[in-house]
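Below you'll find the structure, written out as structure tokens, and then a few comments.
Numbering (the working numbering), first residue to last: 46 to 152.
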């Protein structure tokens, strides 16, 4: 966990303050390792009362993003040999999704 959070802070320039994680990261060890790099772990827990499908807080954001990326055929399978190439395709997919939201009119 310490190596992962250190890399995350390196890539993002130290801007991550909180990370939403599932119940696999409960316990003091994971929280302490993340805290070393300035990240607070918030564990999203299942409710005991409800059975079946329950929409967890913040989980929908991740699922929505995966749904958006699933529309790009190149990302549906692992065709790339290099991780840098795969990362580039992800950047292109997100640019395709987010540029229209800027609302710039082509004049």
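The beta carbon of each residue, even a glycine, is placed where N, CA and C say it ideally should be. Computed from a predicted structure; not experimentally measured.
- Under the DSSP definition of a beta bridge, residue 92 lacks any partner.
- Nearest to residue 112 by alpha-carbon distance, out of 102, 98, 139, 86, is 139.
- Selection 100, 101, 47, 127 evaluated against residue 84 yields 47 as nearest (Cα-Cα).
- Take residue 87, set aside five residues on each side of it, and the residues of its chain with a beta-carbon closer than 8 Å to its own are 63, 64, 65, 66, in chain order.
- With fewer than 16 other Cβ atoms from the protein chains shown falling within 10 Å of its own Cβ, residue 57 counts as exposed.
- If you compare the alpha carbons of 54, 81, 71, 76 with that of residue 91, the shortest gap goes to 71.
- A residue is called buried when at least 16 other Cβ atoms come within 10 angstroms of its Cβ; residue 50 meets this threshold and is buried.
- Considering only 96, 133, 55, the residue with the shortest C-alpha distance to residue 119 is 133.
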